[in-house]
Amino acid sequence: MKATTSTSAPPVHNAPLPSTSAAGRRIAPHSHIKGLGLNSDGFASTDSAGFVGQTNAREACGVVVDLIKSRKFSGRALLLVGAPGTGKTALALAVSHELGVKVPFCPMVGSEVYSTEVKKTEVLAEAFRRAIGLRIKETKEVYEGEVTELTPSEAENPLSGYGKTVSHVIVGLKSVKGTKQLRLDPSIYEAILKEKIVVGDVIYVEANTGAVKRVGRSDAYASSYDLESETYVSLPKGDVHKRKELVQDLTLGDLDSANARPQGGQDIMSVMGSLVRSGRTEVTDKLRREVNKVVKGYVDQGVAEVVPGVVFIDEVHMLDIECFTYLNALLESPMAPTVILATNRGQALVRGTTDIVSPHGIPVDLLDRCLIVKTDGYTREQVGRVVQVRANVEGLKLGEGVLDRMAAEGERGSLRYALQLLTPASILATLAGRSEIEVDDIAEMNELFLDAKTSAGLIAAGGGFDGGKMW
Ligand SMILES: Nc1ncnc2c1ncn2[C@@H]1O[C@H](COP(=O)(O)OP(=O)(O)O)[C@@H](O)[C@H]1O
Ligand SMILES: [Mg+2]
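The working numbering applies: residue -1 is where the sequence shown begins, and numbers increase by one.
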């Protein structure tokens, strides 16, 4: 290790992931899916928004999106069924894309409900609360303007005598109508540093709380780049000191947890304390009722608006009978979000029972409340097109005949297997000093790895891995 690195702090196991810049973005399995790809009449064009084929299911989901938007779907559930790798999860994510970022989307997997700390039903209830958004409009007294001056003034530290501390900070703000110089508390200076505010940014400071928010960069400083992450805003109108309507988006779940575990402050001790005590605590029903009462008050006053969102429970057959009955009750509550469920099971035993076999492993009374959409398998040609879309997203070049070979693999194994071959094959190609994936790479991959069907076939032939005797 070099001397320079040894002085740095040891890596923490739960350190935050490095920030994702546009260039080094992690490519997730579904990052090519941008939406359902429907035209204005609600029909699916064959390939659009990253989606290939699967037209029936996409159109059905389109209808559901319309129902959700017109708020006629709450309290009901959409169930996606189909073989593994036919795009159920992709469809649910596409629905969330179609609804936009303002509608809360709360994805979870059926097995998430099993925890030693929190009751199963509690996990479900929390997911439902997190899927109900609140848009709160508040009129607040603020100082808003373009920063023209930012001068921290230092003073001798009265406590230690060593070093200096910031005693106050002078911030100059400019709006269309005038300018104002504010003398602010050092704690606000910390917030200013945290938001990385510099001269030329448009900010507002809430008069009562001192919370500082950066709106964007003043367009007087706009550069001539075509592509930039900065948002430019015009100089705020009116006076610097004024009343402003602020819109805040949060969910009932946020309110519950904020009230269940009030944070002491922003200093390091209370932050550390909250890390140590991070074990999940249950939000009591009483607290929920209190929060509901306050929210109802806001809604009645016209301050807040309720935005019902979507809960997505993947692999829903992992829930057990207790969860299913609770889900029925949740669906019937007056403030229920839309629920999307997905499963790949056919006839299956309902978890938690010994004798109830039902379609999709879901009790019939819940099944009765669901609209069911089936996803179909893909043809060889469609697999080829999905592989091509993925290769484009991952920035991989495919050589002559590779696409056909991949499509054949996908038809023999599954779409997912074909997609999974892409990245390792590209590594093989790089090792061989090529920028394109060749058919040989795929062939080599097949020697190294088995697809699910081949692996299962091998077991069936011998009955086990050791001449039929596993133990
Ligand atoms: N019609 C499709 N068009 C494009 N990509 C698809 C399509 N169907 C599935 N995929 C991709 O195939 C992979 C497996 O699909 P996934 O939705 O995870 O399957 P499931 O949840 O049904 O098991 C994912 O990377 C998904 O984005
Ligand atoms: Mg899935």
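For each residue, glycine too, the CB sits at the ideal point set by N, CA and C. Computed from a predicted model, the values in this text were never measured in an experiment.
* To do: Kindly indicate which residue of Glu392, Val384, Leu426 has the alpha-carbon position closest to the one of Glu409.
  => Val384
* Asked: Would you report the Cα separation of Leu132 and Val238, rounded to the nearest angstrom?
  -> 29 Å
* Measuring from the CB of Thr373, is there a heavy atom of ligand 2 at a distance below 7 Å? -> no
* **CB-CB length for His358 against Thr341, believed under 8 Å** => 5 Å
* Can you pull the DSSP bridge partners for Arg181? -> Ile168
* Compare the C-alpha of Met106 against each of Glu442, Cys321, Asp312, Asp402 and name the closest. => Asp312
* Measure the C-alpha to C-alpha separation of Gln386 and Ala209 and round it to an integer number of angstroms. => 48 Å
* Asked: Among the residues of its own chain, which have a CB less than 7 Å from the CB of Ile370, if the five just before and after it don't count?
  -> Leu77, Val79
* **Backbone secondary structure at Phe126 - three-state DSSP** => helix
* Leaving out five residues before and five after Ala21 in sequence, what residues of the same chain have Cβ atoms less than 6 Å from its Cβ? -> With a pLDDT of 40 at Ala21, under the threshold of 50, the modelled position of this residue cannot be trusted, and the question is left open.
* Would you tell me roughly how many angstroms separate the C-alpha atoms of Leu401 and Gly382, rounded to the nearest one? => 6 Å
* Indicate, with yes or no, if ligand 2 has a heavy atom lying under 7 Å from the CB of Ala340. => yes
* Asked: Can at least three beta-carbon pairs, one atom from the segment 294 to 314 and one from the segment 108 to 115, be found at a separation below 8 Å?
  -> yes
* Rounded separation between Lys138 and Thr207 - CA only -> 10 Å
* Just the Cα atoms here: how many angstroms apart are Arg74 and Phe49? -> 26 Å
* Asked: Buried or exposed: where does Ala129 fall if 16 or more other Cβ atoms within 10 Å of its Cβ makes it buried?
  -> buried
* To do: Tell me whether Thr421 counts as near ligand 2, meaning its Cβ is closer than 7 Å to at least one heavy atom of that ligand.
  => no
* Under 8 Å between the Cβ atoms of Val231 and Asp217? -> yes
* Asked: Thinking just about the alpha-carbon of each residue, which of Arg378, Arg388, Thr249, Ile338 is nearest to the one in Leu365?
  -> Ile338
* **C-beta atoms of Thr249 and Pro102 nearer than 8 Å** => yes
* To do: Would you mind giving the Cβ-Cβ distance between Lys240 and Val174, rounded to the nearest angstrom? I have them listed as a contact below 8 Å.
  => That pair is no contact at about 11 Å.
* Asked: Tell me the DSSP bridge mates of Asp148?
  -> Note on residue identity: the sequence assigns Leu, not Asp, to residue 148. Partner(s): Val169.
* Cα-Cα separation between Arg212 and Gly170, rounded to whole angstroms -> 15 Å
* To do: Return helix, strand or coil for Gln345, following the three-state DSSP convention.
  => strand
* Can you give the Cα-Cα distance for His166 and Glu154, rounded to whole angstroms? -> 12 Å
* Terminal residues of the beta strand (DSSP E) in which Lys372 lies -> 368 to 372
* To do: Report the residue from Gly198, Gly350, Ala389, Leu426 whose alpha carbon sits nearest the alpha carbon of Ala441.
  => Leu426
* To do: Ignoring anything shorter than 3 residues or poking outside the segment 286 to 343, list the beta strand (DSSP E) runs there in chain order.
  => 302 to 306, 308 to 312, 336 to 341
* Establish whether the CB of Lys175 and some CB of chain D are separated by less than 8 Å. => In the structure shown, chain D does not exist; there is a single protein chain.
* **Where Gly22 falls: helix, strand or coil (DSSP)** => Only weak support is given to the placement of Gly22: the predicted model assigns it a pLDDT of 42, under 50, and the question is left unresolved by the model.
* **Neighbour-count burial assignment, Phe126, 16 or more Cβ in a 10 Å radius** => buried
* Opening and closing residue of the beta strand (DSSP E) in which Asp402 lies -> Not the beta strand (DSSP E): Asp402 falls in the alpha helix (DSSP H), residues 400 to 410.
* From Gly83 to Thr377, what does the alpha carbon distance come to, in whole angstroms? -> 13 Å
* Say the cut is 7 Å; is the CB of Ile31 nearer than that to a heavy atom of ligand 1? -> yes
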